[in-house]
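Protein sequences appear in the order of chains A and B. Letter 96 of the first sequence, counting from 1, is numbered 96 in the numbering used here, and no numbers are missing. Letter 84 of the second sequence, counting from 1, is numbered 1084 in the numbering used here, and no numbers are missing. Worksheet: one structure, shown below.
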Amino acid sequence: KNEVEQSPQNLTAQEGEFITINCSYSVGISALHWLQQHPGGGIVSLFMLSSGKKKHGRLIATINIQEKHSSLHITASHPRDSAVYICAAGNYGGSQGNLIFGKGTKLSVKP
Amino acid sequence: DAGVTQSPTHLIKTRGQHVTLRCSPISGHKSVSWYQQVLGQGPQFIFQYYEKEERGRGNFPDRFSARQFPNYSSELNVNALLLGDSALYLCASSPGHGDYEQYFGPGTRLTVT
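Laid out in C-alpha cells, this is it:
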C-alpha cells in the first residue's frame, strides 16, 4: 500500500462542473502539498497546508489531520484546469525536502 | 525574479554512460531537493541538500550522487546509466529556516537508450 493514495486516478468533467480530488496518507506529516503538473512536466505548487482550509481563486484545499485525508476542490472548472494534480506528504522533522508523492490524478475538462 | 532553473532541458544518453544534471535555486533559497519521475508515476525523492550538506537520501543506488555548491546551486550525477533511469528529473528549492514551501524547476528529461 502506497503511503499517499489519490483518487480518482483519472477524471473527466464538463466545463463548469465542481471537481473533487481526494488524498489519503498513512505517514506523519508536517504539511500536505497540492501540486499541478502540466504536459511537459513543469510542476506548480498550489497549496501547502497543515490544518483547516485554504482558498486561491477557484481552488480550495482542505485537510483533516485526524482522518489523514485531504481534498482539492475546483469550482466552475475550465478546460485550462486540465492537468495532473498531485498531493504530496511532507515530513520536515528529519529530511527537510522529503516529499512523498501520490501518483497523481489526471483531470480533463471538456468544453 | 527568476524561478528555479535546470539544465539541460533534454538529454539522451546510452547505457553505461554517466550524466550530470544542474539546478539553480531561487535566489535566497538554501535548500535543494532532487526527485525522479518515471512516466505515469508520481515523483520519487532522491536527495535533499541544505547549506551544502546532505540532509536526506531516498531509496536510490549509489550510482546516484549529488552535491551543493557555495552559491546553493546543485548537481545530480548518475553513473553507469541503465534504461530504467529514463525519467524526468525535477529539482525543487525552498528557503529553509522553517519555510518548507517547495518551488519546482521545469525538469530535465533524460532518455537512456
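Ideal Cβ positions, reconstructed from N, Cα and C, are used throughout, including at glycine. The structure presented is a predicted model; accordingly, all values stated were derived computationally and were not measured.
When the Cα of N91 of chain A is compared with those of B:V1038, B:G1028, B:S1024, B:F1045, which residue comes out closest?
B:F1045
Can you find the residues in the same chain that come closer than 8 Å, C-beta to C-beta, to G1003 of chain B, ignoring five residues on each side of it along the sequence?
I1026, Y1103, G1105
Can you confirm whether G41 of chain A, when its beta carbon is compared against all beta carbons of chain B, has any partner nearer than 7 Å?
yes
Just to confirm, does I65 of chain A get its C-beta within under 6 Å of one of the non-hydrogen atoms of the ligand SAH?
Because no ligand of any kind appears in the structure shown, any question about the ligand SAH cannot be addressed here.
Quick one: which residues of the region 7-30 of chain A get their C-beta closer than 8 Å to a C-beta of chain B? List them in chain order.
S30
Pick out whichever of A:K68, A:Q36, A:A83 has its Cα sitting closest to the Cα of A89 of chain A.
A:K68
May I have the straight-line CA-CA distance separating V1019 of chain B from G1028 of chain B, to the nearest angstrom?
27 Å
Which residue's Cα is closest to the Cα of E12 of chain A: A:H78, A:Q36, A:K103, A:L49?
The question names Glu, but residue 12 of chain A in the sequence shown is Thr. The option with the nearest alpha carbon to T12 of chain A is A:H78.
Shorter than 7 Å from the beta carbon of F1104 of chain B to some beta carbon of chain A?
yes
Top-ranked residue by Cα proximity to F1069 of chain B, from B:A1092, B:Y1049, B:T1009:
B:Y1049
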